[in-house]
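Worksheet: the structure to be examined is printed underneath.
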Amino acid sequence: MEINVLYYLLPSLVMFCCGIYGFLTRKNMIAMLISLELMLNAVDINFTVINRFIYPDGQEGMFFSLFAIAIAAAETAMAIAIIINLYRVNKNVDVRDANKLQG
Amino acid sequence: MEILYTIVALAIIIFSVLTVTTRKILRAATYLLFTLFGAAIIYFMMDYEFLGAVQIAVYAGGIVVLFVFAILLTTKPGHNSEKLESRRRGWGICAAVLTAGITGYALLSRCCSLLGAKPDMEFLTMNKLGEYMLSTDRGGYLLPFEAVSVLLLACIIGAVAVARKR
Amino acid sequence: MNPIIPLLILCLPLLGFLVLGLLGHKMSHKAAGWYGVLSMGTTMVLAYITAATYFFSNDAAFITEAGNRLQHIIFNQDWLQFTDSLIIRLGFLLDPISALLIVVITTISFCVHLYSLGYMEGEKGFQRYYAFLQLFSFSMLGLVVATNIFQMYIFWELVGASSYLLIGFYYTRPSAVSASKKAFIVTRFADLGFLIGILILSYVTGTFDFTDFTSVQDGSSYAVALNTPMGILARFQGATFMGCSLLTWALVLIFMGGMGKSAMLPLHIWLPDAMEGPTPVSALIHAATMVVAGVYLVARLFPLYLMEEAALMFITVVGAITAFYAAVVACTQIDIKRVLAFSTISQIAFMMVSLGVARPEFHESLGYMASMFHLFTHAMFKALLFLGAGALIHAVHSNDYTAMGGLRKYMPITHITFLIGCLAIAGIPPFSGFFSKDEILSACYQQSWIWGAWMSMVAGLTAFYMFRLYYLIFWWDEPDYGHHKPHDGPWVMSLPLVFLAAVSCVAGFIPFGTLVSWNGVPYHIHIDWMGVALPSIIIAVAAIALATVMYRKKNSLPEKFAKASCGLWTAAHNRFYWDEIYLFITHKIIFNGICRPIAWFDRHIIDGSMNGLAWLAQRLSITIRPLQSGSVQAYVYIYLFGALLLGAITTACVLL
Amino acid sequence: MFSNPLIYFVVIPVIMLLGLYLSRSMAHIRTVAVTGSLCLLGLSIWLLVDYLGLRAAGAEGAMLYRGDWTWFSALNIKLSVGVDGISIAMILLSSIILLTGSFASWKINPLPKEFFLWLILLSIGVFGFFISIDLFTMFMFYEVALIPMYLLIGIWGTGRKEYSAMKLTLMLMGGSAFLMLSLIGIYYNAGLDSWNILDIAQADSIPHSWQYFLFPMAFVGFGVLGAMFPFHTWSPDGHACAPTAVSMLHAGVLMKLGGYGCFRVAIYLMPFAANELAWIFLILTGISVVYGAFSACVQTDLKYINAYSSVSHCGLVLFAILMLNTTAMTGAIMQMLSHGLMTALFFALIGMIYGRTHTRDIREMGGLMKIMPFLAVCYVIAGMASLGLPGLSGFVAEMTIFVGSFQETALLNRVFTIIACCSIVITAVYILRVVGKLLLGPVQNEHHLELTDATWWERTSTVTLIICVAAIGCFPNFFESLIRTTFSADIFKVIGM
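Residue numbers (my numbering), protein chains in the order written: chain G, 58 to 160; chain B, 1499 to 1664; chain W, 518 to 1173; chain L, 34 to 530.
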């Protein structure tokens, strides 16, 4: 069995779709955030894999993933800060209660 | 290699599914950790050792810990989230499957020409990585690097500002 | 001729206006008054010098070897250039009629200035009053010496404005305010016609200058002639509009301006109301000078009018109807100033008719000369009558004859001078009115016996209503005057009366025809005693006799007569309801029928549609607002749907 | 760059802004505003004199004091400046009104500093607009002039100020949108890679088919600001709610931007379409003239009366511009000058009267002549100027327009000229109605008897304006020749002027 690019992309696709499912169905905001991380990771994997398999001469995909990880860290920190703040207000982390931004 | 691949692929798929299906939020975080490890292993398999290391250090070591703290702060121990109503789950599955279908179809119908074994790649040493990171030539990433550093600073301040008690 | 004196004639009153207007409130009443009187007196002397120079100096610029009088432009300064040929100039045109008019204006104006020292004594706004008088004198002088029709229009508007200011002098009195407003707006409406007429005339001829319209160059001056060498009128050839030639339209529209200022039917309604102004103002503006501007305008353009019989016919008809109408109404008015106002309308209409019937083939346009003659004599005796009325009003503090009666004993000077004025206007020789009116009637009879008979009848009515007024004031029944018996005014008021009365006695003997004629060719007056003069004297005497019978002593004849006239008296008393008709048109039709709907339309339709657009935008945003539900997962569903759709389309397009 | 005198029309206001920013007291603010306005006025008078001198010395070219500085090279956008007689007349007008406006807002309250900041910013836009000959820069200054209006009305206004400010801004922005489209269309279709008005006009290279499309957009775009029927409704509401100085500047200067733009952009650059399509706008503006006048007859709010009268008078400006002949266009520019001055005078006086009586409803006032004779006399003079009394500016402007318009032989032009002439009667009606009700007659309200007459700064403001109005009215040929010589023959070759 020759392991080609498809073999790496398919698990990441599954991971991505799980992220979508989780994001759409969970009510706990932290769980949604976790799903978000899943999707992000799936994308990172794709970048790396495609970089490695198809454009081995450049490093763009790798660096993209690298920065994405850094930014994901920042984003998570922010998101959790916001969630905790919302928790202080709402006494829960249910996303349905965080709808103050409606039109 | 195939064995390792198989294990990692299965682990990623299983733990991803578990992450989003478990009703205990702390467990979800744990499964996420495993998934992240799986991703790190893929990076290692792609010969990007530094990326893999960063994945483990930042994600597994940093983010997941953050999650755990957050979960412990916001949930009572042993508390299960309520069962999902089926309509919600149905729509979620529907969306996920649809995404998988369309993306997968595109992938499968397009990738045939790209299939091939992993090509050789010049080993990316830490020296080189550093040069890439701090050079302004073509293929240099000084600007995003600095941008990210500013962003991180902003996030730190922002997180403190948002979360601090009034 | 040295332009300094003519320039001073214009500048002194203007300076007087500026000085009194800007610094008047710092002056005492006496200082302001005397400044005005002296300024006007100087102007009068200068005007006399100018006129005398023009008529009697035999300068080649003013009169040809053959004795024909010429038009001479003393100065002509470019004021505003529209195109290469259309230039408004401010200048000084000296010709028989302008020389005549500056004499009339400055004389009457001086008399009024002097008279007002007594009449307006102690009034609030005394300085303002004199400033306005000066402004009016300036504007009127500028009007008569205009070298081009646009200069005339400019000063035409200025006299309108100064008339507005003077009528509204007692501005706290609502009736004065509305009268001044009415006067301005009615004449403004007429001026619209004047303006359009000017536009047509200037567009076709390419010039504003009177000398281009009516004259041929003769040395440094111009001689009035029928067919001008520039062939300006030839340019009108064939140009017609709605069945009339363009020239007719232009002339009739220009005459409309004259109808407004000279209070011809149907634009006469402002003049009776204008009597709300101080009486000396009525004497100056609304009897002697401004109201004859329309006559002057027609006379100025007379050679043009001669080209168009239709326009002259129109003038005749309007004049004849107005003369009769005003005379009838004058017979029934109670307010003595209004009687005089209607009498003025009637007399101006006489002048108009006289111009309208004038033709070169009849005694070299006798009517033209007669009209100018009557303008002159009328200015004198009507100013006299008004100033006399002012003295009466000053004495009894009321405008109505019902408050007067038997005054001959208390106010002898006023009585005698007023009687002279009445005799003059009634056309009794040897007073001036007889001569001028006789010329007019002769001119009418030459045109057609219809006009002659009609105007003779009006002349009879004139004699009747004037003596009705005279008897009602000075005879009739004496009301209770209380302790303060009326008495003659101070000498500043009496002097102008005596002076004007003297002029009215002798003015008829001026050989007017040698001074003024339509084309400058001297004309010798000879009175047709048997054909015209004697019958008109008989008519006048008969009318006076009737008035004597009816009004000399208090009796019930007038009331019986009024009752017997089946409503005619009431109708005439109400001026045949012209005011009501105008009120209906302006208020009901224009104000409520046009202005209000337009304002409503603007608020509700135009602005409404703008607001409607805003409302639509707002509704739209309210409608799509729920899409922004605040639920993150809903956003993701929508986003995912869009992303998948795009992905599917891309896939389908690229891969299939 | 700073050797060009024109640039100081923008530099001085900027320095004024700095000065205002540093001001600490009302006295400082007034000093800065008045000194700066005086500098601007002096500069404009110097410019007029120097311009006439240069022309007399035989200076050629459609514009003098030319200068070009690129500030956005990718799109060839430059700061191009240059003036001709028309711009100079407009600049003079603006500086006079800015000065008198500063005097009129002597006691503005609250936030005087901010008020003047916005006012000066607005004047930067106005001056910049009049000196620019680069389409894009011109448009930029145009927007700079419009936006402060929102805040000036919204914050310092009276009555339904938010509504009016919003309406005014939105409608003018709507016009701007048309304008922007049109300007870009002109730029690309002229094919010169230049936004310079003179270049485009001389090349006359916009295809005729495009002109049919671009001309109406440009004309409507500027016409909204020129209060053209049916886009005039911002004017009554906006003026009614604006504070005095803003009304003055807006009606006196900003509405002139509309007329000036219509001439300078729409007609100057697209003479072909102007000739072909003039009839449409002739009808609209002809309606404006009588419509505004009729509407003014029944209003009871002083500012509404004046706003509708502005609609009528500004309609006459656009009307005359569309006649496309030198005399009528000269009249249009004269009318802009004249209307700018007299409407500023009107609004100043209305502001002063309102400041005393606290009402603008003419039914609640009367006999003010007795109470405040100075203001009342000034009001009568303004009214007389408005109804076209000879010797004041209104007359010469209107007569030039009528005589010029009547030179056009087409029936439509004739008919609408006569209709427009009728406005002189209607104007007399509404002016005299106001004068009669407001100033004359008995005193309506006993409390008004205690009111005072004008203060020295109010007198300065009004007397300056009256002198200007009378100067134009008495010596029109000076101004008319300045403007008439400006219409250079070669640019209008298409329309045969």
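In this text, a Cβ means the ideal position worked out from N, Cα and C, and glycines have one as well. None of these values were measured; they are calculated from a predicted model.
Item	Value
Where K140 of chain L and T488 of chain L are concerned, what is the direct C-alpha to C-alpha distance, given to the nearest angstrom?	11 Å
Relative to the alpha-carbon of L205 of chain L, which residue among L:G224, L:G254 and L:P240 has its alpha-carbon at the smallest distance?	L:G254
Just curious, the beta strand (DSSP E) that L610 of chain W is in, first and last residue?	I604 to L611
Straight-line CA distance for G550 of chain W to L185 of chain L?	50 Å
Leaving out the 5 sequence neighbours to the left and right, which residues in its chain are closer than 6 Å to T202 of chain L when beta-carbon positions are compared?	Y183
For N519 of chain W, which residues in the same chain have their Cβ closer than 8 Å to its Cβ, ignoring the five residues on either side in sequence?	none
Does T497 of chain L pass the burial test, meaning 16 or more other C-beta atoms within 10 Å, or should it be called exposed?	buried
Sort L:A418, L:S127, L:Y387 and L:L85 by Cα distance to G405 of chain L and report the nearest one.	Gly is not the amino acid found at residue 405 of chain L; the sequence shown has Met there. If we check each option's Cα against that of M405 of chain L, L:Y387 comes out closest.
Would you kindly check if the distance between the Cβ of S197 of chain L and the Cβ of D270 of chain L is under 7 Å?	yes
Does the separation of the CB atoms of A1060 of chain W and A960 of chain W fall below 7 Å?	no
Under the assumption that A568 of chain W contacts I619 of chain W (Cβ atoms under 8 Å), give the Cβ distance between them as a whole number of angstroms.	6 Å
If we define contact as Cβ-Cβ less than 7 Å, is R109 of chain G a contact residue for chain B?	yes
Say whether chain W places a C-beta atom closer than 7 Å to the C-beta of L1596 of chain B.	yes
I'd like to know whether the C-beta of G1147 of chain W is nearer than 7 Å to at least one C-beta of chain G.	yes
Return the CA-CA distance between L1613 of chain B and Y1546 of chain B, expressed in angstroms with no decimal places.	21 Å
Looking at T390 of chain L: is its Cβ nearer than 7 Å to the Cβ of R517 of chain L?	no
Using three-state DSSP, classify G319 of chain L as helix, strand or coil.	helix
According to the neighbour-count rule (16 or more other Cβ atoms, all chains shown, within 10 Å of its Cβ), is N147 of chain G buried or exposed?	exposed
For P746 of chain W, I'd like the list of residues in its chain whose CB is within less than 6 Å of its CB, leaving aside the five on either flank, ordered along the chain.	In this prediction, P746 of chain W scores a pLDDT of 48, lower than 50, which makes its location untrustworthy; no coordinate-derived value is stated.
Tell me whether the beta-carbon of V662 of chain W lies closer than 7 Å to the beta-carbon of L587 of chain W.	no
Excluding sequence positions up to five away, which residues of its chain have a Cβ less than 8 Å from the Cβ of F327 of chain L?	I459
In terms of alpha-carbon separation, which member of L:L302, L:F160 and L:L482 lies closest to F248 of chain L?	L:L302
Helix, strand or coil: which one does DSSP assign to Q594 of chain W?	strand
Assuming L1549 of chain B and Y1557 of chain B make a contact with CB atoms under 8 Å, what is their CB distance in whole Å?	In fact, because the Cβ distance is near 11 Å, the residues do not count as touching under 8 Å.
Taking Cβ positions, are F73 of chain G and M89 of chain G nearer each other than 7 Å?	no
V152 of chain G touches chain W at which residues, Cβ-Cβ below 7 Å?	V1149 and Q1150
Report the neighbours of N156 of chain G on chain W: residues whose CB is nearer than 8 Å to its CB, in chain order.	S1146, G1147 and S1148
Distance check for P181 of chain L and L131 of chain L, CA to CA, integer angstroms please.	15 Å
In angstroms with no decimal places, state the Cα-to-Cα distance between Q477 of chain L and A700 of chain W.	24 Å
Determine contact between the region 260 to 279 of chain L and the region 316 to 331 of chain L, defined as no fewer than three beta-carbon pairs at a distance below 8 Å.	yes
What are the residues that DSSP puts in a beta bridge with N229 of chain L?	L:D167
In angstroms with no decimal places, state the Cα-to-Cα distance between F572 of chain W and L652 of chain W.	27 Å
By the 10 Å Cβ neighbour count, where 16 or more other Cβ atoms means buried, how is F1026 of chain W classified, buried or exposed?	exposed
Taking DSSP's pairing of strands, which residues face I580 of chain W in a bridge?	W:R586
Going by DSSP, which residues form a beta bridge with W102 of chain L?	L:L112
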